[in-house]
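Data first, discussion second: the structure below is written as structure tokens.
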Amino acid sequence: MAAQTPIEIWFQDEARIGQKNGLVRQWARRGTRPRQPADQRYESAYLFGAICPAQGKGAALALPLANTEAMQLDASINSYFDAEKLMDA
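In terms of my numbering, the sequence shown is numbered consecutively and its last residue is 97.
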């Protein structure tokens, strides 16, 4: 890299958002155990984002899965902005 090449500092993060259902409560006579099936379904979305505060630039992806393809797509954001990831913690 040339000495005069400007460097942009980007911040990147991932997150899972969604809801998992909690306990199901039901009124019943004392001493009985009524059947109360709980809904065990849940859905999540995965967010991948990066920002450069100094330049006012940003990019984000909202995907239904976090798998190898999603991570490769996230990495393609870096190549779109001609960026190199220096540290991932």
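The C-beta atom is built at its ideal place from N, Cα and C for all residues, glycine as well.
task = Please state whether DSSP places Q80 in a helix, a strand or coil.
result = helix
inquiry  = Using 8 Å as the cut-off, can you tell me whether the region 68 to 83 makes contact with the region 31 to 45, which would need three or more C-beta pairs spanning the two stretches below that distance?
reply    = no
task = Pick out whichever of G66, R49, G64 has its Cα sitting closest to the Cα of G30.
result = R49
ask   = Alpha carbon to alpha carbon, how far is G66 from A78?
value = 18 Å
message = Using a 10 Å radius around the Cβ and a threshold of 16 neighbouring Cβ atoms, would you call W35 buried or exposed?
response = exposed
query = Within this structure, are the beta carbons of D21 and G57 separated by less than 8 Å?
reply = yes
task = Flag this pair as yes or no: are the beta carbons of L55 and I25 separated by less than 8 Å?
result = yes
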